[in-house]
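Right, one structure below, let's go through it.
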Amino acid sequence: MNNLILTDMAGAYIEHSMVITNFVSIVSAQLKNSLCRVFPDNVQYTWWFGDEKKTIIPDVSINCQVRSRRGNTFVNAPQFVMEVLSDSTEKYDRTEKKDIYRKEEIDEYWIVDWRKRKVEIFNLDYDENQEPQYYLFQTITESNKEELKLIHFPHVKIGFDMLFDIEY
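According to my numbering, the sequence shown is numbered sequentially starting from 17.
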């Protein structure tokens, strides 16, 4: 069975795209001399769960194995994914998509709410049965914005105000 997961993004706010663009532009320059690359929502990842094929397009991903791809589709898991919430995708981003990322053992998952100016940072760890689980590492808002950082890319600096620079 071939299941392509697509979510209708019609009506997405420009601010949604601006947060993605801000993150990619800030992080891209800092990863330039590494094996890792940051990608906006124009690449997809395809994984198999038993007989079920899932194709996912994250809003942002950082992948350190960029040769593991076929065209614009990666077959390996990235090390980082970020989803920027929208009305049409919030439930999916917080449930099914998060579960797929967990099963693929993606180290770090950010859920960004541009309306509330909030970043939820989830870190992958393993429970007592050695099953991968996401644990809320930190929630970043205006009150603790100086603490915003990538857990698994500590050398990359990203400012809260720069991420949420969505005025036009």
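We put the beta carbon where it would ideally sit given N, CA and C, even for glycine. Being a predicted model, the structure only gives us computed values, none of them experimental.
- Message: Classify Ala45: buried if its beta carbon has 16 or more other beta carbons within 10 angstroms, exposed otherwise.
- Response: exposed
- Task: Following the continuous beta strand (DSSP E) through Glu68, name the residue where it begins and the one where it ends.
- Result: Glu68 to Ile72
- Message: Short of 8 Å in beta carbon distance, which residues of its chain neighbour Ile167, apart from the five on each side in sequence? Order them along the chain.
- Response: Asp123, Glu124, Ile137, Asn139 and Phe153
- Task: Give, in chain order, every unbroken run of the beta strand (DSSP E) that is at least 3 residues long and sits entirely within the stretch 88-133.
- Result: 96-100 and 124-129
- Between Phe104 and Tyr29, is the Cβ-Cβ spacing less than 8 Å? Position check: residue 104 holds Ser in this sequence, whereas Phe was assumed. Result no, Cβ atoms of Ser104 and Tyr29 do not sit closer than 8 Å.
- Task: Would you mind stating whether Tyr61 and Ile72 have Cβ atoms separated by less than 8 Å?
- Result: yes
- Same chain, Cβ closer than 6 Å to Cys80, neighbours up to 5 away in sequence not counted: Leu51, Cys52 and Gln95
- beta strand (DSSP E) segment containing Thr62, residue limits: Gln60 to Phe65
- Query: Do Glu99 and Asp115 come within 8 Å of each other at the CB atom, strictly closer than that value?
  - Reply: no
- Item | Same chain, Cβ closer than 7 Å to Val54, five either side skipped, listed in chain order | Val40, Val43, Ser44, Leu47, Val76 and Ile78
- Going by beta carbon distance, what residues of the same chain come within less than 8 Å of Asp143, once the five residues before and after it are set aside? Gln149
- Within its chain, find whatever has a CB closer than 8 Å to the CB of Arg184; leave out the 5 residues flanking it on each side and keep chain order. The amino acid at residue 184 is misidentified as Arg; the sequence shows Tyr. Cβ within range, chain order: Ile30 and Met34.
- Message: Can you look up Asp141 in the DSSP assignment and give me helix, strand or coil?
- Response: strand
- Between which two residues does the beta strand (DSSP E) carrying Gln149 extend? Pro148 to Ile156
- Query: Rounded to the nearest angstrom, how far is the Cβ of Phe180 from that of Trp130, given a contact under 8 Å?
  - Reply: 7 Å
- Among Val82, Val135 and Lys173, which one has its Cα closest to the Cα of Ile156? Val135
- What did DSSP end up calling Val172 once you bin it into helix, strand or coil? coil
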